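Student:
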Amino acid sequence: INSFKKYAVEDKKEEEDDAFAVLDDRFLDMPGFAVEKCREVVADMAKITKEALVDATYLLDGFDKEVFKSVSEAESRVDKYEDKASSYLVKLSGKQLSKHEGHMVTELLHCIGDIERIADHAVSIGRAVIRRKETDQQIDQLNDIVNRMAETSQTMISDAMDAFVNRDAETAKKVALQDEIVDAGLKE
449 INSFKKYAVE
459 DKKEEEDDAF
469 AVLDDRFLDM
479 PGFAVEKCRE
489 VVADMAKITK
499 EALVDATYLL
509 DGFDKEVFKS
519 VSEAESRVDK
529 YEDKASSYLV
539 KLSGKQLSKH
549 EGHMVTELLH
559 CIGDIERIAD
569 HAVSIGRAVI
579 RRKETDQQID
589 QLNDIVNRMA
599 ETSQTMISDA
609 MDAFVNRDAE
619 TAKKVALQDE
629 IVDAGLKE
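Sequential numbering of the sequence shown, starting at 449, is according to our numbering.
1) Go through its chain and collect everything with a Cβ distance to T600's Cβ below 7 Å, but skip five positions before and after it.
2) Does the region 609-624 come within contact of the region 487-494, defined as at least 3 CB pairs closer than 8 Å?
3) On a CA-only basis, which of S535, E549, L507 and R487 is nearest S572? Give me that one, please.
4) Flag this pair as yes or no: are the beta carbons of K543 and F468 separated by less than 8 Å?
5) Counting C-beta neighbours from all protein chains within 10 Å, is the total for A617 16 or more, i.e. buried, or is it exposed?
6) When burial is assigned at 16 or more other CB atoms within 10 Å of the CB, is Y455 buried or exposed?
7) So, with DSSP's three-state summary, where would you put Q602?
8) State the Cα-Cα distance for the pair I605 and I593, rounded to the nearest angstrom.
9) Taking the Cβ atom as the reference point for each residue, do V490 and L540 lie within a distance shorter than 8 Å?
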């Protein structure tokens, strides 16, 4: 089993390396192409986040250490994606861009931040489940708060992915506003 886990980790590392390979500095002189490649990386980032959120929601039915570990690892991967894609876009923003390309760079930077926050929410949901388990709180109010956070976060990632794919700035702004609902749940 340990050998299998080792290969699985190595496979994920290779997948990440492959995903980041498209963010090649040589493409910076072709801004349209570079923006499109970065969009692909951000789309992969959103998929990882969505899977983490689904797993975190699964934890609401009962804590599973391996599932929580998977959620935490996914969030760490999303952090790497955020770092790589944001750094690349900052480099790209220093190049001669058309108005559309400049707008796309700005939009992608906003999407990256939103997607990363949603991945953080997945971990927060898992931690809330741990707190509930550790203190043996089966209080309906806490369950309602965590369920509301999970539902809102799932809506956020779906809406963010739709906004991203459809290049819908208005929907993206609405997603950012929903972040406050999840943050409020963390404070309750």
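Note that beta-carbon positions come from the ideal geometry of N, C-alpha and C, so glycine has one too.
Keep in mind the model is a prediction, meaning the values are calculated, not measured.
Tutor: According to the data block:
1) Q626, I629 and V630
2) yes
3) L507
4) It is not a contact, given that the beta carbons lie outside the stated cut-off.
5) Under a 10 Å Cβ-count criterion, A617 is classified as exposed, with fewer than 16 other Cβ atoms of the shown protein chains found around its own Cβ.
6) With a pLDDT of only 49 at Y455, under 50, the local geometry of the prediction cannot be trusted, and no value is derived from it.
7) Under the three-state reduction of DSSP output, Q602 falls in the helix class.
8) Straight-line spacing of the CA atoms in I605 and I593 works out to 18 Å.
9) no
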